[in-house]
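Beneath this line is the structure, given in structure tokens, with notes to follow.
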Ligand code: F6P
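In my numbering, the protein residues as written are 168 to 704.
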């Protein structure tokens, strides 16, 4: 992080620290209007945060000092900004809706390949949806099971739920990710082999969980349909690894490709979105891409102080580095977005959960925060108590929509009343005098007082559609990118997940071997021995 520019942010924070959000509003009647910005179908009200004009100015200067504008260009133009893997980072090319766009990686325009794969996905999705693509015995496909994990699961799983109102309800979607056999077994109970399409989604096609689930699903299908040849009609692959796809027994004609410049957690708009496309249809999938693209263009061109992803990123940095907040909550007030927090967890924590700067030295400041959340209003009856009155500072993003897909009675007005009321309560709290005026007995006043001054962002769109979902995802992607630039860390690798994978392989040998070598630490050896004993090994 640029220390000189950060020092100015710290000075500005120190000068304004004692001023509460309430006082900031009292001092400036224009505050709400001043700190509300819109783009790509979304309005962001960020006025209920702990900053004054000087803090914001210093934060924007920090972004400038970090060369953010130049870094954005480097990403969009295919420079190899994923330094430890020497890869370009071009998820923005996947949703570039400009028909004349050219984006180069190693001198090759990637856009024709992007369009070809999208067209191939569209054709296949239509065939499944219309019944032209049938199972081995001639039956229509009624069940689509995506087998993948991490970025090859969370995106399509989140978005398929989110866009259920746009989906073909006669096809049911399932997502199997966990290597725990229960996940596959419970899915198999819901489906019929002769009407099921399995999509094996794995960038590398070597991920242990996915390949184990895929092999077991394949064995089940062959057992059910009594013919190896059935695999061709019931399995397709989404991968960058044609060799491994072939080895698995899937014809590469039934493979939908993508490229090493698409990170797993950024891959929903690639072929990884095939299960989603089958659910909502190619036209809606294109609208999703259009939404992403609108936010991409906004991020690339808008001034930093009116740039939604940049504003979210700077406020995040204010709390992580200025106020030492360890986490933030994403609170979607829409049941369809119930998996959004889990999806963003991987996007944020796998990207910015790093402690080494780009030059390989340890960072001297906090980086990626812990992201968590649940849909409103459920969270209100669970963890909001701590957000309102606990000792931790938890900045929150509230996400809501003016219209519902399911107008029943006054449900939506009540939902949104809670949505608005929570940010009001968090920011402005309730004083001891207000408690007394409400007739609270003196001994209860300390417990019923709300200090307020709890920061929130409010993100509001008219309606949850493929387009607004796309722009919402892009908003968070670019927020995370911006923070990575300012923290000077590599946001697009994930070495931290490797060690566990390697050790799990060694442990598996010891769990299954006739004579285990047990060369681990004393605790791990004892646990493995206990497990073996229970299983009689
Ligand atoms: O968890 C590590 C990771 O590499 C993620 O980044 C990725 O999304 C996931 O595993 C799945 O990888 P793949 O698509 O190669 O199976």
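Even glycine gets a Cβ: it sits at the ideal position worked out from N, Cα and C.
Could you check whether the Cβ of residue 370 sits closer than 7 Å to any heavy atom belonging to ligand 1? yes
Does ligand 1 have a heavy atom nearer than 7 Å to the CB of residue 177? no
Unbroken stretches of the alpha helix (DSSP H), 4 residues or longer, contained in the region 440–522: 441–447, 449–468, 475–484, 507–519
Are the beta-carbon atoms of residue 402 and residue 367 separated by less than 8 Å? yes
Use the C-beta contact count for residue 214: other C-beta atoms within 10 angstroms, 16 or more gives buried, fewer gives exposed. buried
Closer than 7 Å to a non-hydrogen atom of ligand 1 - does that hold for the CB of residue 432? yes
Report whether the distance from the Cβ of residue 537 to the nearest heavy atom of ligand 1 is below 7 Å. no
Cα-Cα separation between residue 194 and residue 505, rounded to whole angstroms: 37 Å
Residue 184 to residue 436, Cα distance in whole Å? 41 Å
Please indicate yes or no: does the CB of residue 316 lie closer than 7 Å to some heavy atom of ligand 1? yes
Can at least three beta-carbon pairs, one atom from the region 483–499 and one from the region 666–677, be found at a separation below 8 Å? When Cβ pairs closer than 8 Å are counted between the two stretches, the region 483–499 is seen not to touch the region 666–677, the count staying below three.
How far does the beta strand (DSSP E) with residue 623 in it reach, from first residue to last? 623–628
Under the rule that 16 or more other beta-carbon atoms within 10 Å means buried, what is residue 563, buried or exposed? Under this definition residue 563 is a buried residue.
Taking 8 Å as the cut-off, does the region 370–384 touch the region 339–357 (at least 3 CB pairs, one atom from each stretch)? The answer is yes - the region 370–384 touches the region 339–357, with three or more Cβ pairs under 8 Å.
Burial state of residue 569, where buried means 16 or more other Cβ atoms lie within 10 Å: exposed
What does the Cβ neighbour count give for residue 305, buried or exposed, with the cut at 16 atoms within 10 Å? exposed
Would you say the region 624–643 touches the region 470–481, given that touching needs at least three Cβ pairs under 8 Å? yes
What's the call for residue 254, buried or exposed, on a 16-neighbour Cβ count within 10 Å? buried
At a cut-off of 7 Å, would you count residue 661 as near ligand 1, judging by its Cβ distance to the nearest heavy atom? yes
Does the distance from the C-beta atom of residue 489 to that of residue 277 stay below 8 Å? Taking C-beta atoms as the reference points, residue 489 and residue 277 fail to come closer than 8 Å.
Skipping 5 residues on each side, what residues in its chain have a beta carbon closer than 8 Å to that of residue 242? 248, 256, 257, 259, 648
Does the pairing of the region 280–300 with the region 312–320 give three or more beta-carbon distances under 8 Å? No, the region 280–300 is not in contact with the region 312–320.
In the DSSP assignment, what residue or residues form a beta bridge with residue 310? 339, 363
What ranges does the beta strand (DSSP E) occupy inside the region 231–300, keeping only unbroken runs of at least 3 residues that lie completely in it? none
Can you tell me the Cα-Cα spacing of residue 173 and residue 654, whole angstroms? 11 Å
Under 8 Å by Cβ, that's how I've got residue 188 and residue 524 pegged, so tell me the actual separation to the nearest angstrom. Contact doesn't hold; Cβ gap of about 33 Å is too wide.
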